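In the working numbering, the protein residues as written are 3 to 229.
Each remark here refers to the structure printed beneath this line.
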Ligand SMILES: CC(C)(COP(=O)(O)OP(=O)(O)OC[C@H]1O[C@@H](n2cnc3c(N)ncnc32)[C@H](O)[C@@H]1OP(=O)(O)O)[C@@H](O)C(=O)NCCC(=O)NCCS
């Protein structure tokens, strides 16, 4: 009986230690989830019941193992995480602070993906490659980007800071910062808060350098009129 109580005590202490460590290391992620999901009623609901947070915890462990060249163990942890959460994050991916995956089921994040700070993904998002090429073949996602449910962001492309990828969009080209992208293939419908005419040539709309040139041209025109 005494042994049984001792075992229970040890299990309890280990459990409390684990929870304290998770709170210490993932406080800002739990707060981010609370802020970005109106359904999250309190801190402990996110801590115990959100698969997006659990997948991130497993990812941080897998990523550490990956960086220590323990690739088999790293993949083992990430596959276990996939089994329990339905979210597959390759241990080699790089993920910033305050990352949150809402609902989560069916999210896949490829090996060479880079994700900035404050990014939000919904269920069914794929950050994937487009072929069998080696090297950097997955997207780079800027800070504060939101990727809607079911969206696919494919290839070694860059999604600019503060952009919003609409639900079910398929994005295969770079997206400038502060843009909203919808559809298949993804087209920009809003930039810097302004609606973009969908009849425009999107090859150029998607090119941030062309956009800067156009803005400069407009500015020069305005200045010339003032003369
Ligand atoms: C893209 C999104 C952010 C809308 O942004 P918005 O700036 O408010 O855009 P609007 O509603 O003004 O729509 C702009 C145009 O894009 C279209 N559109 C909006 N979302 C779209 C989508 N996901 N796919 C295709 N077209 C879409 C609109 O019909 C509209 O077309 P129109 O100009 O021809 O009328 C939003 O629709 C979206 O997809 N959010 C994802 C939310 C999500 O995944 N939630 C999961 C919760 S579990």
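By construction, the Cβ of each residue, glycine as well, lies at the ideal position given by its N, Cα and C atoms.
Source: prediction; values computed, not measured.
Selected residue, minimal CA-CA separation from residue i, among the options
i, options, result
"residue 67", "129, 41, 140, 94", "94"
"residue 233", "136, 110, 146", "A question about residue 233 goes unanswered here, because the residues of the chain that appear run from 3 up to 229."
"residue 134", "85, 156, 144, 62", "156"
"residue 115", "12, 143, 124, 136", "143"
"residue 162", "137, 37, 194", "194"
Any non-hydrogen atom of ligand 1 closer than 7 Å to residue i Cβ
i, result
"residue 169", "yes"
"residue 177", "no"
"residue 151", "yes"
"residue 147", "no"
"residue 29", "no"
"residue 105", "yes"
"residue 185", "yes"
"residue 192", "yes"
"residue 166", "yes"
"residue 182", "yes"
"residue 232", "Lying outside 3 to 229, the shown extent of the chain, residue 232 is not represented and no answer is given."
Residue i vs residue j beta-carbon contact at 8 Å
i, j, result
"residue 89", "residue 106", "yes"
"residue 31", "residue 101", "yes"
"residue 275", "residue 177", "Here the chain covers residues 3 to 229 and nothing more, so residue 275 does not appear."
"residue 104", "residue 54", "yes"
"residue 197", "residue 181", "no"
"residue 57", "residue 87", "yes"
"residue 146", "residue 170", "no"
Cβ neighbours of residue i in the same chain (closer than 6 Å, five flanking residues each side left out)
i, result
"residue 148", "122, 166"
"residue 126", "108, 151, 152"
"residue 139", "114, 131, 158"
"residue 60", "79, 83"
"residue 96", "116"
"residue 203", "For residue 203, the predicted model reports a pLDDT of 48, less than 50, meaning its position is unreliable and no value from the coordinates is stated."
Minimum Cβ-Cβ distance from residue i to chain D less than 8 Å
i, result
"residue 218", "Absent here is chain D; the protein component of the structure consists of one chain."
Beta-carbon proximity list for residue i, same chain, < 8 Å, skipping 5 on both sides
i, result
"residue 42", "35, 36, 48, 52"
(request) At 4 residues or longer, and completely inside the segment 49 to 85: list those alpha helix (DSSP H) runs for me, N to C. (result) List check, alpha helix (DSSP H) in window: 53 to 69.
(request) Go through the segment 123 to 165 residue by residue and report every complete run of the beta strand (DSSP E) that reaches 3 residues or more, in order. (result) You should have 128 to 130, 154 to 156.
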